[in-house]
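Single-structure report; data block below.
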Ligand SMILES: *[C@@H]1O[C@H](CO)[C@@H](O)[C@H](O)[C@H]1NC(C)=O
Ligand SMILES: *[C@@H]1O[C@H](CO)[C@@H](O)[C@H](O)[C@H]1NC(C)=O
Ligand SMILES: *[C@@H]1O[C@H](CO)[C@@H](O)[C@H](O)[C@H]1NC(C)=O
Ligand SMILES: *[C@@H]1O[C@H](CO)[C@@H](O)[C@H](O)[C@H]1NC(C)=O
């Protein structure tokens, strides 16, 4: 799996040319029942995709840069071309973080209120959010999953996943001074040649069944590290927004 969400090509000076190629492996079907496949139309009616994850039966979390004119969520999918047992639900309201900056991509987090509640079953489940004191530590290895580009630059039909190592903040600070360790996580060992990387934008970074990060962006070289949104820093905003989106 190769981390190159199409949207980022447009908003960041990223390039795949000369970039390294990173592989993931196909997930065991439905082993990550919180995964959401997002199909988004932007303001020019261009279609693109992102990942997301179910955090309440009526709420999907994703990256703010995955926002668009309309968004459809598919739950319960493995191969997105095979729609057996999947649930398609359109998004009633998208709430990106109010301080999201589309240039620097800080505060890259968004909540999507679904038109109706998802039916929780064997292939559709919510994932736990971190506690405020939870901190991922450098050296810790967690997993990202997504339907992003494969190494041959074609989008994957099946869910792929990859294990990535949390880096010291300096590793990302050396790449760009925009990196802010209190709200972002630096992920992916630059020395690991075999290091698989990736997942689609908006997908979860999962440590011990808890989602600690959201896939946000990569640097223009295409090599690791990646920058993920640190979910534990946004808990007050998440709780407040989820309350606001409570069904009447
Ligand atoms: C979203 O926008 C696209 C392109 O304009 C349109 O074809 C599609 O029907 C829209 N979907 C919804 C659910 O509104
Ligand atoms: C890209 O690789 C995938 C997985 O190996 C394969 O299924 C797909 O057909 C390839 N796409 C192209 C355009 O070569
Ligand atoms: C990092 O983010 C926090 C929280 O938004 C903010 O208070 C702090 O000023 C930021 N640090 C830098 C160096 O921008
Ligand atoms: C994660 O959840 C699955 C399914 O509930 C469980 O089998 C597994 O042991 C859990 N893993 C960890 C690390 O807690």
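In the working numbering, the protein residues as written are 446 to 693.
C-beta: ideal position from N, C-alpha, C; glycine also.
Taking only three categories from DSSP, how would you classify residue i?
i: residue 673; result: strand
i: residue 541; result: strand
i: residue 686; result: helix
i: residue 679; result: helix
i: residue 528; result: coil
i: residue 509; result: helix
i: residue 535; result: strand
i: residue 598; result: coil
i: residue 476; result: coil
i: residue 616; result: helix
i: residue 471; result: strand
Taking C-alpha atoms, which residue in the options lies nearest to residue i?
i: residue 612; options: 527, 682, 669, 551; result: 669
i: residue 580; options: 614, 570, 567, 520; result: 614
i: residue 689; options: 592, 617, 539, 509; result: 539
i: residue 691; options: 568, 559, 489; result: 559
i: residue 489; options: 671, 515, 684; result: 515
i: residue 653; options: 683, 676, 588, 628; result: 588
i: residue 675; options: 684, 650, 483, 685; result: 650
i: residue 626; options: 664, 500, 672; result: 672
i: residue 504; options: 477, 521, 561, 471; result: 561
i: residue 663; options: 657, 629, 687; result: 629
i: residue 606; options: 586, 617, 616, 621; result: 586
Using a Cβ-based criterion (distance less than 6 Å to any ligand heavy atom), does residue i qualify as near ligand 2?
i: residue 597; result: yes
Using only the heavy atoms of ligand 3, determine whether one of them is closer than 6 Å to the beta carbon of residue i.
i: residue 661; result: no
i: residue 623; result: no
i: residue 577; result: no
i: residue 614; result: no
When you measure from the CB of residue i to every non-hydrogen atom of ligand 1, does any distance come out below 6 Å?
i: residue 530; result: no
i: residue 664; result: no
i: residue 490; result: yes
Assign residue i to one of two classes, buried (16 or more other C-beta atoms within 10 Å of its C-beta) or exposed (fewer than that).
i: residue 677; result: buried
i: residue 639; result: Only weak support exists for where residue 639 lies, its pLDDT of 42 falling under 50; the value from the coordinates is given anyway. It counts as exposed.
i: residue 641; result: The predicted position of residue 641 is uncertain, since its pLDDT is 44 and thus under 50; a value taken from the coordinates is nonetheless stated next. The residue in question, residue 641, is buried, as its Cβ has 16 or more Cβ neighbours within 10 Å.
i: residue 469; result: buried
### Query
Just checking, does the segment 567-574 make contact with the segment 589-603 on the three C-beta pairs under 8 Å criterion?
The answer is no - the segment 589-603 does not touch the segment 567-574, with fewer than three Cβ pairs under 8 Å.
### Query
Do three or more CB pairs link the segment 508-520 to the segment 478-496 at distances below 8 Å?
They touch, by the three-pair rule.
### Query
Are three or more beta carbon pairs between the segment 542-550 and the segment 644-653 nearer than 8 Å?
Taking 8 Å as the limit for Cβ pairs, the verdict is that the segment 644-653 does not touch the segment 542-550.
### Cβ pair count under 8 Å reaching 3, the segment 517-531 against the segment 629-639
When C-beta atoms of the segment 517-531 are compared with those of the segment 629-639, fewer than three pairs fall below 8 Å, so the two segments do not count as touching.
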